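Inspection log for the structure reproduced underneath, given as structure tokens.
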Amino acid sequence: MTSIFGWTFSKEAKLANGDDRPIVIGETLTIEPPIVPCSHGLHLSVRAIDALEYAPGPLCWRVRGSGVIVPHGDPVDKCACSERTAIAGFDATETLRAFARWCALSVIDKWDAPDAVRRYLETGDESLREAASEAAWAARDAAREAAREAAWAAWAAREAARGAAREAARDAASDAVREAMWATRDAARAARNATRKVASDAASDAARDAMWATRDAARDAAREAQNAKLEAALLAGCGLATPAPCLLLRKENHETPLG
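With our numbering as the guide, the letters of the sequence shown map in order to residues 12 to 270.
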């Protein structure tokens with residue numbers, strides 16, 4: 012029988028959406044086909060980072076899906092199964108908070124983080140969380156206001172320059188001069204556009220494709236690194252040292268409050 016191993020999260024140790032059957036480690040839950048992702052099935056994600064996108068709560072489960080398995084998404088981010096067995100589980104609240112802090116610290120050099128934010132992210136001291144949150148919101152609001160003021164200033168400067176240019180053109184130029192100016196501008200624009208088209212036809216598509224490919228590769232690499240970090244922490248929380256199936260099936264290794 013085909014089976015896959017993955018992750019799922021829940022708010023309580025039972026199925027959601029009115030099913031209410033308990034999730035018990037070592038027991039297999041089943042649902043009758045037809046299986047339709049997001050509608051009718053027992054779901055799991057092969058990667059923990061994908062399962063986190065659908066998490067309704069902090070209870071984390073390492074599971075095996077079998078029976079009818081229908082993938083969802085392109086790329087696939089979850090599967091719906093007709094059978095699902097809970098292998099291990101635990102309340103991952105603190106693990107997920109630590110993971111969130113690690114993710115935030117990985118990009119803290121990208122902005123001017125307040126000291127309170129940095130201290131909370133580095134220590135996880137819950138007494139600092141409220142102050143860190145307030146400092147982060149204040150920094151965001153200040154940055155947003157500064158950006159808004161800069162945008163208005165730039166707009167005002169542009170309008171003033173445009174108005175001054177119009178006045179100067181009206182006062183200093185006759186219709187003939189103005190027509191010549193526009194003709195010159197149009198000719199220059201046509202030449203520039205023709206040059207751009209030649210260059211664009213030859214290079215822009217390749218450059219754009221390379222830029223997007225580089226961005227996508229960097230994003231995928233960052234997400235894989237996040238997933239590796241998250242899965243290592245969740246496996247440890249489940250009492251598992253490795254995701255190898257031979258260990259996952261050893262129920263006696265899973266001593267958790269959810270079992």
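For each residue, glycine too, the CB sits at the ideal point set by N, CA and C.
None of these values were measured; they are calculated from a predicted model.
The three-state secondary structure of C49, taken from DSSP, is coil. With a cutoff of 9 angstroms on beta-carbon distance, C71 and L245 are scored as near each other. Straight-line measurement puts the Cα of H54 at about 12 angstroms from the Cα of V87. The beta carbons of S56 and K25 sit no closer together than 9 angstroms. Contact check for S77 against I15 passes: the beta carbons are separated by less than 9 angstroms.
Secondary structure of T39 (DSSP, three-state): strand. Counting the other CB atoms within 10 Å of its CB gives C49 a total below 16, which places it among the exposed residues. Residue nearest to G100 within the set R226, W122, D220 and T19 is T19 (criterion: CA-CA distance). The beta carbon of T39 is closer than 6 angstroms to those of E94 and T96 in its chain, skipping five residues each way along the sequence. Shortest Cα-Cα distance from S21 to any of D85, A229 and A103 involves A103.
Short of 7 angstroms from the beta carbon of D31, and not among the five residues preceding or following it, lie these beta carbons of its own chain, in chain order: K25. Excluding its 5 nearest sequence neighbours in each direction, D61 has C-beta neighbours in its own chain below 7 angstroms: D88 and K89, listed in chain order.
DSSP, reduced to helix, strand and coil, places G78 within a strand of the structure shown.
The three-state reading of DSSP puts S138 in helix, counting H, G and I together. Around the beta carbon of R226, a 10 Å sphere encloses fewer than 16 other beta carbons of the protein chains shown; the residue is thus reported as exposed. By alpha-carbon distance to I34, the top candidate from R73, W223 and A229 is R73. By the criterion of a C-beta distance shorter than 6 angstroms, T106 is surrounded in its chain by A244 and G248, once the five residues flanking it on both sides are discounted. Separation of L241 and A59 (C-alpha to C-alpha, rounded to the nearest whole angstrom) is 7 angstroms. Residue burial annotation: G29 is exposed, with fewer than 16 other C-beta atoms found within 10 angstroms of its C-beta.
Under the DSSP assignment, T19 falls in the beta strand (DSSP E) whose first and last residues are S14 to S21.
With a beta-carbon spacing of about 20 angstroms, E137 and G68 fall beyond the 8 angstroms limit used to define contacts. Boundaries of the beta strand (DSSP E) harbouring R95: K89 to D102, taken from the DSSP string.
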